[in-house]
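Residue 274 is where the sequence shown starts when you use my numbering, and the numbers rise one by one after that.
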Amino acid sequence: MMSRLPQPSHRRLQPANSSSNLNSNGLVKHRVYLIRKSHTDDIHEHLPQTMVFGIIAGLHGTERLSALINHDKYKILQKGHAVKTQEIRRGMAVEMEGSPWLVVTTEQVKPGKGPAYIQVKLKNLMTGSHMEKRLRTNETIEQVNLDRRDMEYLYSDGSGGIFMDMENYDQITVPVEILGNTLDYIKPNGQVIAHVLKGSVINIELPPVVDLEVTDTPPGIKDATKTNQLKEATLETGFKTRVPPFIKIGEIVRISTDTGEYQCRAGE
């Protein structure tokens, strides 16, 4: 018989008081992610040792669920929550093909012929791989509620970016492999949302656009207003993009974090 793990010392899960969470036998039925925080943790042989996606059934309420899950080693990241495809937004995490994916971009497409659909670009939160997928409108998909942490970007070094957790003020290093081109769009003291999995930051969520100062750009044509001829500009983060000829050094421009392209002057 499987022995129980010690009861967690901190708060228990909220009671499952919704009838929609019960199956025909009156047993609690929740779709959850169980994450092992450390590969060196001691763990019961019958509990999952890697990420497990599935249905936990036969647990009569909160007491039994708390007894089976050691909260010092595991974190429940998600309960099943269905959303329509047209409700999917950038930065949302969803379950597809048995894995959690982060929505990188989403676009509603209305072709001349055929039904409308949602085109999404996704990042696998376990492997880091990417894929693009076409989803039918009104299709139902499972949302994953990641552990999201408010963080402040401090500075970067050779190993990555240094961020401070705004809740406990711990400083952590996010490696360059995770950051990608994130530091092109944030400056020191910039606020971001970090997605945390297994106790580690796996993704930094940026806003759709950011405002950055132009630190270097060639002189433009006097009184130029046309934007069809762009020039190169260096922004305060060191990122280079192309801007209209009338943009000058010292101006604040709005940049898309999806494409890196100039959108407008800040405030326009």
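Yeah, the Cβ is synthetic: ideal placement off N, Cα and C, and Gly gets one too.
Contacts around residue i, its chain only, beta-carbon distance under 6 Å, and the 5 residues preceding and following it disregarded
{"i": "L295", "result": "The predicted position of L295 is uncertain, since its pLDDT is 40 and thus under 50; a value taken from the coordinates is nonetheless stated next. Closer than 6 Å at Cβ, skipping near neighbours: no residue."}
{"i": "T313", "result": "With a pLDDT of only 36 at T313, under 50, the local geometry of the prediction cannot be trusted, and no value is derived from it."}
{"i": "I525", "result": "D484, E486, A539"}
{"i": "K394", "result": "V377, T378, E405"}
{"i": "E380", "result": "Q392"}
{"i": "H403", "result": "K396"}
{"i": "E360", "result": "none"}
Distance CB(residue i)-CB(residue j) smaller than 7 Å
{"i": "L427", "j": "L398", "result": "no"}
{"i": "T410", "j": "T378", "result": "no"}
{"i": "G364", "j": "E534", "result": "no"}
{"i": "Q444", "j": "I451", "result": "no"}
{"i": "T446", "j": "S432", "result": "yes"}
{"i": "E415", "j": "E368", "result": "yes"}
{"i": "D457", "j": "F512", "result": "yes"}
{"i": "P518", "j": "K504", "result": "yes"}
{"i": "T507", "j": "D489", "result": "yes"}
Segment limits, beta strand (DSSP E) that includes residue i
{"i": "I520", "result": "Per DSSP, I520 belongs to no beta strand (DSSP E) and is neither H nor E."}
{"i": "H403", "result": "403–409"}
{"i": "A539", "result": "Counting along the chain, A539 falls outside any beta strand (DSSP E), and DSSP gives it neither H nor E."}
{"i": "M369", "result": "366–369"}
{"i": "E415", "result": "413–417"}
{"i": "K504", "result": "504–508"}
Enclosing alpha helix (DSSP H) for residue i [first to last residue]
{"i": "I451", "result": "449–452"}
Nonlocal neighbours in the same chain, by C-beta distance under 8 Å from residue i, ignoring five residues either side
{"i": "K460", "result": "Y426, L485, E509, T510"}
{"i": "Q536", "result": "V482, V526, R527, I528, S529"}
{"i": "K383", "result": "A389"}
{"i": "I466", "result": "G364, R421, R422, D423, M424, I477, E478"}
{"i": "N462", "result": "E425, Y426, L427"}
Residues bridged to residue i (per DSSP)
{"i": "F397", "result": "It should be pointed out that residue 397 corresponds to Asn in this sequence rather than to Phe. Paired residues: W374."}
{"i": "I435", "result": "Y428, T446"}
{"i": "L485", "result": "V526"}
{"i": "Y458", "result": "The partner list for Y458 (beta bridge, DSSP) is empty, contrary to what the question assumes."}
{"i": "T514", "result": "A506"}
{"i": "A355", "result": "E415"}
{"i": "E478", "result": "I466"}
Cutoff 7 Å; reference residue i; Cβ partners in own chain excluding five residues on either side
{"i": "R566", "result": "Residue 566 cannot be examined here, being either before or after the span of the chain that is shown, 274 to 541."}
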